[in-house]
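Residues 1 to 218 (the UniProt record's numbering) make up the sequence shown, in order. The C-beta atom is built at its ideal place from N, Cα and C for all residues, glycine as well. Here the structure comes first, spelled out in structure tokens, and everything after it is commentary.
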Amino acid sequence: MARISPEQMRSLLKLYFIAGSTNCLVEPVKVLEDAIRGGITLFQYREKGEGCLDDLEKLELGKRLQDVCRESGIPFIVNDDLELALELDADGIHIGQEDEEAAQVREKIGDKILGVSVHNLEEAEKAKLAGADYFGVGPIFPTATKKDTRPVQGTALLEQLKDFGVPIVGIGGINADNAAAVIEAGGDGVSVITAISQAEDIKEAAARLKDTLNGGEK
Ligand code: TZP
Ligand code: MG
């Protein structure tokens, strides 16, 4: 398999849903199934936070979520955990600046999708050279989901990175009311946790976001 093209990557990033067991109010598998019905384009398994699953339980949930993705043709990305990504033969991995160096991760994953969180131009340059397929930029808006985030950055970095040649997705506090601002600033898509995982009607929440991203068209 060859590396994903920037064009393909951009279309996958459109509505990027991220979740693990601690983000969900009901069964994560059910949440993911409904989110897919609502139109998400990419999924990241991010098993983090107080009370998160470890070891075998983390692996088992990952397998079940990956199966759901496979049935629908939605690529399955693993957050941070390179060993898990390789064990599951995931479609890709997303890493932060505190994780293993992107260049080393690229060597270990071959052509799988590599996403890297960046917070400034210097990190972006480095991640591009290391072979990142996309950048995660945020937190764009205040978020209660991740406690150790960098300061809220608004959309300024998205604007700086829009002609950088690497697809970009915004993250942090994004919902149907503010998603359009992320795209207007140069984001290829939005990644969300709470706006989908904790919605009363998961499918409807994902579909509403998707409509917003499609310029209000149904
Ligand atoms: N990285 C930066 S903000 C964030 C992560 C993982 C959390 C985003 O969650 P939410 O609930 O969509 O604000
Ligand atoms: Mg990380």
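| Asked | Found |
| --- | --- |
| Close beta carbons around ARG106, own chain, < 7 Å, minus the five adjacent residues each side | LEU114, ALA130 and GLY131 |
| Three-state class that DSSP yields for ASN120 in the structure shown | coil |
| Identity of the residue in ASP211, SER197, GLY39 and VAL166 nearest TYR134 by Cα | VAL166 |
| Residue environment, GLY38, which counts as buried when at least 16 other CB atoms sit within 10 Å | buried |
| Backbone CA spacing between residue 271 and ILE36 [nearest angstrom] | With the chain covering 1 to 218 only, the question about residue 271 has no answer from this structure. |
| Touching by the beta-carbon criterion (3+ pairs, under 8 Å), the stretch 139-150 and the stretch 179-199 | yes |
| Neighbourhood of ILE4 by C-beta, 7 Å cutoff - its chain only, sequence neighbours within 5 removed | ILE113 and ASP133 |
| LYS162: CB within 7 Å of a non-hydrogen atom of the ligand TZP | no |
| Closest Cα partner of GLU98 within the set GLU87, ARG70 and ALA127 | ALA127 |
| GLY170 versus ASP177, ALA185 and PHE164, residue with shortest Cα-Cα distance | ALA185 |
| Alpha carbon of LYS218 to alpha carbon of GLU200, nearest angstrom | For LYS218, the predicted model reports a pLDDT of 47, less than 50, meaning its position is unreliable and no value from the coordinates is stated. |
| THR149 CB to nearest heavy atom of the ligand TZP below 7 Å | yes |
| Enclosing beta strand (DSSP E) for GLY136 [first to last residue] | 134-137 |
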